[in-house]
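Visitor:
Numbering (the UniProt record's numbering), first residue to last: 1 to 325.
See the structure below:
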């Protein structure tokens, strides 16, 4: 089987990449940290809405294969907004349930943003609603009673919210499972994008930084570290795309594929962050330098991935537990 992008998918990805290069430079990510100018973050959401991203699954008719590369680009840019949660999780779930609360028009127009609860609620302060995925049921709640939380990545604007009450949005376990898998796939795609951004920053730095009269990038040890990190990303990315294909086709192995993608992407992004900081030397972790924006986002996103649960799901799919028994 050969996986490849269509010309339309490539064109859409490049359009999103160009948009984010202009609308979400590091200055906008910095503005999303406490004390920053939120107007630039709102302008970014308006730009994404203008391209139809919040309603991409419904309004643009995209599926997970079309969407995954766009989500990777939002990771590369460290977009400080709930794009995955709104476009890839909430919008298709609402569409599948008939949108009983009438929220889809607001999502398509950019008025409504949806965050997803998972202990903390990333981007909660920039969301209108919170989606709770709990086993076989899903609820939507407001941000009433939300409490701000501090995380390693200040641009997450995370909160905690009370557990929902009342009638669930749906008790269809299949739909809720699909939503949870889309959320996991989106995190994996963003982690690949973040890893690529950190390596690009590092390659640019080691080409310019000089020691003993030569660029530090010419040192064999630096080359090996960067090559190892790149190989991890190059192994993770196809797994993420394969998981998107399995989700789009509702294939029976989609759970295994999504979990594999999450595990490989989490490991690759963490390795890219470690390598980038090491190759940057003492400047790598300073808040004045842009690298920390992407490293901290990678750590924060990776922390939302329940790797133990994903390992267990892969082991079950491969019957490793049964073999061990």
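Even for Gly, the Cβ is constructed at its ideal location relative to N, Cα and C.
Hey, is residue 53 close to the ligand FMN, as in C-beta under 8 Å from one of its heavy atoms?
Guide: This structure does not include the ligand FMN; it has no bound ligands of any sort.
Visitor: Just verifying my parser: in three-state terms, what is the DSSP assignment at residue 157?
Guide: The answer is coil: DSSP assigns residue 157 none of H, G, I, E or B.
Visitor: Would residue 178 pass as a contact of residue 109 if the rule is Cβ separation under 9 Å?
Guide: Going by C-beta atoms, residue 178 is not nearer than 9 Å to residue 109.
Visitor: Assuming contact is defined by CB atoms lying nearer than 9 Å, are residue 298 and residue 213 in contact in what I supplied?
Guide: Contact: no.
Visitor: Who does residue 118 pair with in a DSSP beta bridge?
Guide: The partner list for residue 118 (beta bridge, DSSP) reads 120.
Visitor: With DSSP collapsed to three states, give me the class of residue 210.
Guide: Three-state result, residue 210: strand.
Visitor: My guess is that residue 209 and residue 216 are in contact by the Cβ rule of under 8 Å, so how many angstroms apart are they, rounded?
Guide: Confirmed, about 5 Å.
Visitor: Helix or strand or just coil, what does DSSP make of residue 299?
Guide: DSSP places residue 299 in helix when its eight states are reduced to three.
Visitor: Taking CB distances under 9 Å as the criterion, tell me whether residue 95 reaches chain D.
Guide: The structure shown contains no chain D; it is built from a single protein chain.
Visitor: Give every residue of the same chain whose Cβ lies closer than 6 Å to the Cβ of residue 69, excluding the five residues on either side of it in the sequence, and list them in chain order.
Guide: 13, listed in sequence order.
Visitor: At which residue ranges does the region 45-117 contain complete beta strand (DSSP E) runs of 3 or more residues, listed in the order of the chain?
Guide: The qualifying runs are 114-117.
Visitor: Ignore the nearest five residues each way along the sequence and tell me which others in residue 139's own chain have a CB closer than 7 Å to its CB.
Guide: 132, 164, 168, 169, listed in sequence order.
Visitor: What residue range does the beta strand (DSSP E) around residue 139 cover?
Guide: Segment 137-141, the beta strand (DSSP E) holding residue 139.
Visitor: Quick one, which of 115, 270, 290 has its alpha-carbon nearest residue 84's?
Guide: For the residues 115, 270, 290, the minimum Cα distance to residue 84 belongs to 115.
Visitor: Three or more C-beta pairs closer than 8 Å, one from the region 248-265 and one from the region 281-293: is that the case here?
Guide: No: fewer than three Cβ pairs fall under 8 Å.
Visitor: In terms of residues, what are the limits of the alpha helix (DSSP H) holding residue 18?
Guide: Residues 7-23.
Visitor: With a threshold of 6 Å on Cβ separation, who are the neighbours of residue 72 within its own chain once the five nearest residues in sequence on each side are excluded?
Guide: Result list for residue 72: 189, 192, 193, in chain order.
Visitor: Return the chain-ordered list of same chain residues with a C-beta closer than 6 Å to the C-beta of residue 262, the five sequence neighbours on each side being excluded.
Guide: Closer than 6 Å at Cβ, skipping near neighbours: 184, 188, 305, 310.
Visitor: Over what stretch of residues does the alpha helix (DSSP H) that includes residue 230 continue unbroken?
Guide: Looking at the DSSP string, the run of the alpha helix (DSSP H) that includes residue 230 is 220-248.
Visitor: With respect to the alpha helix (DSSP H) encompassing residue 262, which residues constitute its N-terminal and C-terminal limits?
Guide: Where residue 262 is concerned, the enclosing alpha helix (DSSP H) stretches over 254-280.
Visitor: Helix, strand or coil: which one does DSSP assign to residue 147?
Guide: Residue state, collapsed to three classes: strand.
Visitor: Among 232, 154, 119, which has the Cα closest to the Cα of residue 35?
Guide: Nearest option by C-alpha distance: 154.
Visitor: Would residue 229 pass as a contact of residue 275 if the rule is Cβ separation under 9 Å?
Guide: The answer is yes: Cβ separation under 9 Å.
Visitor: Assuming residue 205 contacts residue 103 under a Cβ cut-off of 8 Å, what Cβ separation, rounded to an integer in Å, is found between them?
Guide: With 8 Å as the limit, residue 205 and residue 103 do not qualify as a contact, their Cβ atoms being about 44 Å apart.
Visitor: Mind reading off the beta-carbon distance from residue 137 to residue 174? Whole number of angstroms is fine, and I expect it under 8 Å.
Guide: Not really, about 12 Å apart at Cβ, beyond 8 Å.
Visitor: Where does residue 325 land, buried or exposed, given buried means 16+ other C-beta within 10 angstroms?
Guide: With a pLDDT of 46 at residue 325, under the threshold of 50, the modelled position of this residue cannot be trusted; read the value that follows with caution. So residue 325 ends up on the exposed side.
Visitor: Give the straight-line distance between the Cα atoms of residue 282 and residue 289, rounded to the nearest whole angstrom.
Guide: So the alpha carbons of these two residues sit roughly 11 Å apart.
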